[in-house]
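Colleague: Here you go, one structure.
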Amino acid sequence: MALQLSFEEKYKVIVLRDTTYAGLFYVAVKTTGIFCRPGCTARTPKAKNVLFYDTTHEAIINGYRPCKVCRPQEEVGATPAYIQQILDELEANPYQRLKDWDLRQRGVEPSQIRRWFKKHHNMTFQAYQRLYRINGAFTKISNGESITHTAYDIGFESLSGFNDSFKSTFDHAPSQEKGKSVIHLIRFTTPIGPMFAGATSSGVCLTEFTDRPMLETEFKDLKKRLNAVILPGENDHLKQLQAELAEYFAGQRKAFTVPLHTPGSAFSQSVWTLLQGIPYGTTRTYKEQAERLGKPKAIRAVGRANGLNKIAILIPCHRVLGSNGELVGYGGGMGRKKWLLDHEKQHS
Ligand SMILES: [Zn+2]
Numbered sequence: 002m003a004l005q006l007s008f009e010e011k012y013k014v015i016v017l018r019d020t021t022y023a024g025l026f027y028v029a030v031k032t033t034g035i036f037c038r039p040g041c042t043a044r045t046p047k048a049k050n051v052l053f054y055d056t057t058h059e060a061i062i063n064g065y066r067p068c069k070v071c072r073p074q075e076e077v078g079a080t081p082a083y084i085q086q087i088l089d090e091l092e093a094n095p096y097q098r099l100k101d102w103d104l105r106q107r108g109v110e111p112s113q114i115r116r117w118f119k120k121h122h123n124m125t126f127q128a129y130q131r132l133y134r135i136n137g138a139f140t141k142i143s144n145g146e147s148i149t150h151t152a153y154d155i156g157f158e159s160l161s162g163f164n165d166s167f168k169s170t171f172d173h174a175p176s177q178e179k180g181k182s183v184i185h186l187i188r189f190t191t192p193i194g195p196m197f198a199g200a201t202s203s204g205v206c207l208t209e210f211t212d213r214p215m216l217e218t219e220f221k222d223l224k225k226r227l228n229a230v231i232l233p234g235e236n237d238h239l240k241q242l243q244a245e246l247a248e249y250f251a252g253q254r255k256a257f258t259v260p261l262h263t264p265g266s267a268f269s270q271s272v273w274t275l276l277q278g279i280p281y282g283t284t285r286t287y288k289e290q291a292e293r294l295g296k297p298k299a300i301r302a303v304g305r306a307n308g309l310n311k312i313a314i315l316i317p318c319h320r321v322l323g324s325n326g327e328l329v330g331y332g333g334g335m336g337r338k339k340w341l342l343d344h345e346k347q348h349s
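One rule links them: number in the working numbering = place in the sequence shown (from 1) + 1.
Here's what the structure looks like:
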């Protein structure tokens, strides 16, 4: 899976601290004996002191120790076990409130969990728990359960407290909830970096790498198009998605069966459908895609619709190349596009 980048190109990735190459190669520093993944925030080493390896294994057998800052031997952005244990507990019982005291009882330092949530979900742990509870409430109310019962069921001591909390999350009261839908959002890791995935009750509507620059815009667009709110939580589609993606990354899955929910213009829809027809392990150019659509002159429009795809990997926009076969534009970063194409080639 060697990434064909020159020494200079790899060094540039290190200098720029580009996280989209994390997991694709490793940098070892001769003067310190330590190796890092690209994007590490530790000090930038001089070019004459660095060596590049494709795997952590190679770096280790050559005598380098993993950096304590970026922990290159762990999957990028992996959830530490002590936090996973808390997340599992919340999933089993979304309506309990874990306070600092409860966390310490479980051997977790509250400040650690605060920092982790801030970094990976950009919210406090309290806010995450509250959204998780509200998510449960939302589902109950949309299924026709009474607001009063729901408020008490999910652990609010008063109806007004519940109303206030609900309002601050959704910008309106729970009684006005009819017609809105929920996009459940999870974060998980892959060998080439952490991803967000979102799903409505109809299907998966988002899979993106968490460092994609356009992510905020994609969230906004989805909320608007689906008249929905985005809340942390999981549903059956997201469970199926994670299982299928794990098989894909292990080289054991070539097509996806999880239902998709892809709001967009009729033209975008036609481009995305066509993308899903590009066989695993093969590529096409934008020009070929435009021709297949019966619109040979719409090459740019096809490129734009590719860029609007919010379902990375499952709608394989990474399988489209420039007219000379060059790797062009990928929201998740070029390194990842190259990795995905190499991976599929290797397993087809
Ligand atoms: Zn490091």
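For every residue, glycine included, the Cβ atom is placed at its ideal position computed from N, Cα and C.
Using 10 angstroms around the beta-carbon of PRO175, count the other beta-carbons present and answer buried if the total reaches 16, otherwise exposed.
Modeller: With 16 or more other Cβ atoms within 10 Å, it is buried.
Colleague: How should GLN85 be labelled, buried or exposed, when 16 other C-beta atoms within 10 angstroms of its C-beta is the threshold for buried?
Modeller: When all chains shown are included, GLN85 counts as exposed.
Colleague: Do ALA79 and THR258 count as a contact pair if the criterion is CB distance below 8 Å?
Modeller: For THR258 and ALA79, no; Cβs fall outside 8 Å.
Colleague: Reducing DSSP to helix, strand and coil, say where VAL303 ends up.
Modeller: Residue state, collapsed to three classes: helix.
Colleague: Excluding the 5 residues preceding and the 5 following ALA3 in the sequence, name in chain order all residues of the same chain whose CB lies nearer than 7 Å to its CB.
Modeller: Per-residue confidence for ALA3 stands at a pLDDT of 49, beneath the threshold of 50, marking its modelled position as unreliable; no derived number is given.
Colleague: Run through DSSP, which three-state label would MET2 get?
Modeller: A caution first: MET2 carries a pLDDT of 42, below 50, which makes its placement in the model unreliable, though a value can still be read off. Coil, per DSSP.
Colleague: Where does CYS318 fall in DSSP's three states?
Modeller: Correct three-state label for CYS318: helix.
Colleague: Comparing alpha-carbon positions, which option in CYS206, VAL28 and ARG115 lies nearest ASN236?
Modeller: The residue with the shortest Cα to Cα distance from ASN236 is CYS206.
Colleague: At the 8 Å Cβ level, is SER349 part of the contact set with chain C, yes or no?
Modeller: The chain inventory of the structure shown lacks chain C, comprising one protein chain alone.
Colleague: Tell me whether ALA23, by its Cβ, gets closer than 7 Å to a heavy atom of ligand 1.
Modeller: No, Cβ of ALA23 sits at least 7 Å from all heavy atoms of ligand 1.
Colleague: Output the residue ranges of the alpha helix (DSSP H) runs that lie fully inside the region 254 to 314 and measure 4 residues or longer, sorted by chain position.
Modeller: Entirely contained in the region 254 to 314, the alpha helix (DSSP H) runs reaching 4 residues are, in chain order, 267 to 277, 287 to 293 and 300 to 308.
Colleague: What is the DSSP secondary structure of LEU232, counted as helix, strand or coil?
Modeller: DSSP places LEU232 in strand when its eight states are reduced to three.
Colleague: With the cut-off set at 8 Å, would you say HIS319 and LEU294 are in Cβ contact?
Modeller: Going by C-beta atoms, HIS319 is not nearer than 8 Å to LEU294.
Colleague: In its own chain, which residues sit with a C-beta less than 7 Å from the C-beta of THR45, not counting the 5 before and 5 after it?
Modeller: Result list for THR45: ILE15 and VAL16, in chain order.
Colleague: Taking the alpha helix (DSSP H) that ALA1 belongs to, which residues open and close that run?
Modeller: Past the boundaries of the shown model lies residue 1; the chain is included only from 2 to 349, so the question cannot be answered.
Colleague: What is the DSSP secondary structure of ALA79, counted as helix, strand or coil?
Modeller: DSSP places ALA79 in coil when its eight states are reduced to three.
Colleague: Can you tell me the Cα-Cα spacing of ASN70 and THR274, whole angstroms?
Modeller: At residue 70 the sequence reads Val, which differs from the Asn that was named. Between VAL70 and THR274, the C-alpha separation is close to 42 Å.
Colleague: According to DSSP, simplified to helix, strand and coil, what is GLU327?
Modeller: In the structure shown, GLU327 sits in coil (DSSP, three-state: anything other than H, G, I, E or B).
Colleague: Going by C-alpha distance, which of ARG285, PHE157 and THR283 is nearest PRO95?
Modeller: Of the candidates ARG285, PHE157 and THR283, the one whose C-alpha sits nearest the C-alpha of PRO95 is PHE157.
Colleague: Between the C-alpha atoms of TRP102 and LEU186, what's the straight-line distance to the nearest angstrom?
Modeller: Looking at the two C-alpha atoms, the distance is approximately 28 Å.
Colleague: Note down, in chain order, each residue of its chain lying with its Cβ closer than 8 Å to the Cβ of HIS122, except the 5 sequence neighbours on either side.
Modeller: Excluding positions up to five away in sequence, the list reads TYR129, ARG188 and PRO233.
Colleague: If you follow the alpha helix (DSSP H) that VAL14 is part of, which residue opens it and which one closes it?
Modeller: Where VAL14 is concerned, the enclosing alpha helix (DSSP H) stretches over 8 to 17.
Colleague: Going by the CB atoms, is the gap between ALA306 and VAL272 shorter than 8 Å?
Modeller: Closer than 8 Å, so yes.
Colleague: Where do the ends of the alpha helix (DSSP H) carrying ILE114 lie?
Modeller: Counting along the chain, the alpha helix (DSSP H) containing ILE114 begins and ends at 111 to 122.
Colleague: Hey, would you say LYS141 sits closer than 8 Å to THR125, going by beta carbons?
Modeller: Not in contact: LYS141 and THR125 (Cβ atoms no closer than 8 Å).
Colleague: Give the secondary structure of PHE36 by DSSP, where H, G and I count as helix, E and B as strand, and everything else as coil.
Modeller: Note: PHE36 maps to strand in three-state DSSP.
Colleague: Which residues, in chain order, sit with a beta-carbon under 5 Å away from any heavy atom of ligand 1?
Modeller: Here the residues come out as CYS37, CYS41, ALA43, CYS68, VAL70 and CYS71.
Colleague: I'd like the span of the alpha helix (DSSP H) that includes LEU239, first residue to last.
Modeller: Residues 237 to 250.
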